[in-house]
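Undergrad: Top to bottom, those sequences are chains A and B.
Quick note: the first sequence uses the working numbering, first residue 276, plus one each step.
Quick note: the second sequence uses the working numbering, first residue 276, plus one each step.
Protein chains: 2
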Amino acid sequence: MNIGEAATRSGVSAKMIRYYESIGLITPPARTAAQYRVYAAEDVHTLRFVRRSRDLGFSLEETRELLALWRDKSRASADVKNLAMAHVRELEEKAAELKAMADTLRHLATHCHGDHRPDCPILADFAATTPTQGKA
Amino acid sequence: MNIGEAATRSGVSAKMIRYYESIGLITPPARTAAQYRVYAAEDVHTLRFVRRSRDLGFSLEETRELLALWRDKSRASADVKNLAMAHVRELEEKAAELKAMADTLRHLATHCHGDHRPDCPILADFAATTPTQGKA
DNA sequence: ATGGGGCTTCCCATCATGGGAAGGTCAAGG
DNA sequence: CCTTGACCTTCCCATGATGGGAAGCCCCAT
Numbered sequence: 276m277n278i279g280e281a282a283t284r285s286g287v288s289a290k291m292i293r294y295y296e297s298i299g300l301i302t303p304p305a306r307t308a309a310q311y312r313v314y315a316a317e318d319v320h321t322l323r324f325v326r327r328s329r330d331l332g333f334s335l336e337e338t339r340e341l342l343a344l345w346r347d348k349s350r351a352s353a354d355v356k357n358l359a360m361a362h363v364r365e366l367e368e369k370a371a372e373l374k375a376m377a378d379t380l381r382h383l384a385t386h387c388h389g390d391h392r393p394d395c396p397i398l399a400d401f402a403a404t405t406p407t408q409g410k411a
Numbered sequence: 276m277n278i279g280e281a282a283t284r285s286g287v288s289a290k291m292i293r294y295y296e297s298i299g300l301i302t303p304p305a306r307t308a309a310q311y312r313v314y315a316a317e318d319v320h321t322l323r324f325v326r327r328s329r330d331l332g333f334s335l336e337e338t339r340e341l342l343a344l345w346r347d348k349s350r351a352s353a354d355v356k357n358l359a360m361a362h363v364r365e366l367e368e369k370a371a372e373l374k375a376m377a378d379t380l381r382h383l384a385t386h387c388h389g390d391h392r393p394d395c396p397i398l399a400d401f402a403a404t405t406p407t408q409g410k411a
């Protein structure tokens, strides 16, 4: 199948498929005489794997590791689990950070009249806050 | 004061200060004969404002709007509140997304032995999942 | 054989930030 | 007075993942 079909079936855009190939994430497929990329059903499988990994927030580098683990039939499931759990913690940390920002802002907004008057504790806070040493 | 001191006092790197100037987020400061940028105390104030805005997850474009509102003494606090609350919702959405990813992955990991054996439901899921129409 | 859709490569843009090079400047101390 | 080192200037490049689009070739159906 051509790249377009592989894209549709895997949920990965043709553009990205080419990119993944260029960075060595996936192996270059065979080519027709006219240089068209030719994909097998298994390649779609791999692409779906990548898609799923990305959807779960793994970076391409992490995805590369996961792919390697996936292909290595002899690896210990503990390796995979460790990688996954480390990622879970990262995700939860980022989620908590965003939530904290939202909470802070929501709190500030609570004290803002939100009417026609100009006074606004939100902007007042922005202007008054002293720089904290390095952010997250 | 020079850019270095303004950077230290505001918590915004010199590099970023120059960048903010280049995109018109902040107004170009005066220059010495040797082209050194010269900042006033008030400029540090502005930079802190930007820093705070960024720390709360506003994009530079949103920060630009907030700055405009800040400077416009006649705007209604409702305008600020609306912008802030819209942002709160965005932040909470993103936080929820990350949390959902974490939960999914944690769930998968629960079923992974995490020992020396190779079987791993995490990778199995990755490989089997059918592409969903568009992500987030 | 022609038209339209798909494929190829290549370059550019995004967003916010940092790194680093090459060169000018300033202040302090010998 | 001159050197040294810290600071400043501009300019270019890189990141991470993705999309947009141009120029040109290919393939199939009409």
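Ideal placement from N, C-alpha and C gives every residue a C-beta, glycine not left out.
In chain A, what lies closer than 9 Å to B:R339 by C-beta?
TA: To locate residue 339 of chain B, count along the second sequence from 1; it is residue 64. Result: empty, since nearest Cβ-Cβ is about 13 Å, beyond 9 Å.
Undergrad: Using a threshold of 7 Å, state whether the C-beta atoms of A:S285 and A:L322 are closer than that.
TA: Translated into the one-based positions of the first sequence, residue 285 of chain A becomes position 10. Translated into the one-based positions of the first sequence, residue 322 of chain A becomes position 47. Against a cut-off of 7 Å, the Cβ pair of A:L322 and A:S285 comes out as a contact.
Undergrad: The alpha helix (DSSP H) with B:G279 in it runs from where to where?
TA: Walking along the second sequence from the start, residue 279 of chain B turns up at place 4. Segment 278-285, the alpha helix (DSSP H) holding B:G279.
Undergrad: Check the Cβ of A:T379 against every Cβ in chain B and list those closer than 8 Å, keeping chain order.
TA: On the first sequence, position 104 is the one that residue 379 of chain A refers to. Neighbours of A:T379 on chain B, chain order: L331.
Undergrad: Which chain B residues are close to A:E367, counting only those with a beta carbon under 8 Å from its beta carbon?
TA: As a working mapping, residue 367 of chain A is identified with position 92 in the first sequence. Correct list: L373, K374, A377.
Undergrad: Could you list the residues in the segment 287-302 of chain A with a C-beta less than 9 Å from some C-beta on chain B, going in chain order?
TA: Listed in sequence order: V287.
Undergrad: Excluding the 5 residues flanking B:G332 on each side, which residues of the same chain have their C-beta closer than 6 Å to its C-beta?
TA: Here the question's residue 332 of chain B lines up with position 57 in the second sequence. Hits under 6 Å: L366.
Undergrad: Is it buried or exposed for B:K348, if we count other Cβ within 10 angstroms and need 16 for buried?
TA: Against the second sequence, residue 348 of chain B aligns to sequence position 73. By the 10 Å Cβ count, B:K348 comes out exposed.
Undergrad: By Cβ distance, which residues of its chain are closer than 7 Å to B:G279, with the 5 residues on each side in sequence left out?
TA: On the second sequence, residue 279 of chain B is found 4 positions in, with the first residue counted as 1. Same-chain partners within the cutoff: A289.
Undergrad: Does the Cβ of B:G299 have 16 or more other Cβ atoms within 10 Å, making it buried, or fewer, making it exposed?
TA: Numbered from 1 along the second sequence, position 24 holds the residue referred to as residue 299 of chain B. Its Cβ having fewer than 16 others within 10 Å, B:G299 is exposed.
Undergrad: Going along the segment 380-404 of chain A in order, which residues come within less than 8 Å of chain B, judged by CB to CB distance?
TA: L380, R381, L383, A384, C387, H388, G389, D390, H391, R392, P393, D394, C395, I397, L398, D400, F401, A402, T404
Undergrad: Report the rounded CA-to-CA distance for A:M360 versus B:A384, giving the unit in angstroms.
TA: For the purposes of this step, residue 360 of chain A is taken as residue 85 along the first sequence, with counting starting at 1. For the purposes of this step, residue 384 of chain B is taken as residue 109 along the second sequence, with counting starting at 1. Roughly 7 Å between the two C-alpha positions.
Undergrad: At the level of alpha carbons, what is the spacing between B:R392 and A:A351?
TA: Residue numbering aside, residue 392 of chain B sits at position 117 when the second sequence is read from its first letter. Residue numbering aside, residue 351 of chain A sits at position 76 when the first sequence is read from its first letter. Computed Cα separation, rounded: 5 Å.
Undergrad: Is B:A351 close to chain A, meaning its C-beta is less than 7 Å from at least one C-beta of that chain?
TA: If you number the second sequence from 1, residue 351 of chain B lands on position 76. It does: the Cβ of B:A351 has a partner Cβ on chain A nearer than 7 Å.
Undergrad: With a 10 Å radius around its C-beta and 16 neighbouring C-beta atoms as the bar for buried, classify A:V355 as buried or exposed.
TA: Along the first sequence, read from residue 1 onward, the residue named residue 355 of chain A stands at position 80. A:V355 is buried by the Cβ-count criterion.
Undergrad: Which residues mark the beginning and the end of the alpha helix (DSSP H) in which B:D394 is found?
TA: As a first step, residue 394 of chain B must be located in the second sequence, where it is residue number 119. In the DSSP annotation of this structure, B:D394 is not part of any alpha helix (DSSP H), being labelled neither H nor E.
Undergrad: Taking all protein chains shown into account, decide if A:T338 is buried (16 or more other Cβ within 10 angstroms of its Cβ) or exposed.
TA: Walking along the first sequence from the start, residue 338 of chain A turns up at place 63. Buried is the call here.
Undergrad: Closer than 7 Å, CB to CB, is B:R327 near chain A or not?
TA: Numbered from its first residue, the second sequence carries residue 327 of chain B at position 52. Between B:R327 and chain A, the shortest Cβ-Cβ separation is below 7 Å.
Undergrad: Just to confirm, is the Cβ distance from A:A370 to B:K374 under 7 Å?
TA: Along the first sequence, read from residue 1 onward, the residue named residue 370 of chain A stands at position 95. Along the second sequence, read from residue 1 onward, the residue named residue 374 of chain B stands at position 99. With respect to B:K374, A:A370 sits close: the two C-beta atoms are nearer than 7 Å.
Undergrad: Report yes if the CB atom of B:A343 is closer than 7 Å to the CB atom of A:D390, and no otherwise.
TA: Residue mapping note: residue 343 of chain B aligns to position 68 of the second sequence, counting from 1. Residue mapping note: residue 390 of chain A aligns to position 115 of the first sequence, counting from 1. No, the pair does not count as a contact, with Cβ atoms beyond the cut-off.
Undergrad: Looking at the structure shown, is B:A353 part of a helix, part of a strand, or coil, going by DSSP?
TA: Within the second sequence, residue 353 of chain B is the residue found at index 78, counting from 1. DSSP places B:A353 in helix when its eight states are reduced to three.
Undergrad: Can you tell which of A:V363, A:I397, A:E372 has the C-alpha that lies nearest to the C-alpha of A:H382?
TA: Residue 382 of chain A sits at position 107 when you count from the first residue of the first sequence. Ranking A:V363, A:I397, A:E372 by Cα distance to A:H382 puts A:I397 first.
Undergrad: Using a Cβ-Cβ cutoff of less than 7 Å, which residues in the same chain neighbour A:Y311 once the five nearest sequence positions on both sides are dropped?
TA: Locating residue 311 of chain A in the first sequence gives position 36, where the first residue counts as 1. Once the five neighbours on either side are set aside, the close Cβ partners of A:Y311 are N277.
Undergrad: Give me, in chain order, the residues of the same chain whose beta-carbon lies closer than 6 Å to that of A:Y295; leave out the 5 immediate sequence neighbours on both sides.
TA: Here residue 295 of chain A corresponds to residue number 20 of the first sequence, with the count starting at 1. Excluding positions up to five away in sequence, the list reads I301.
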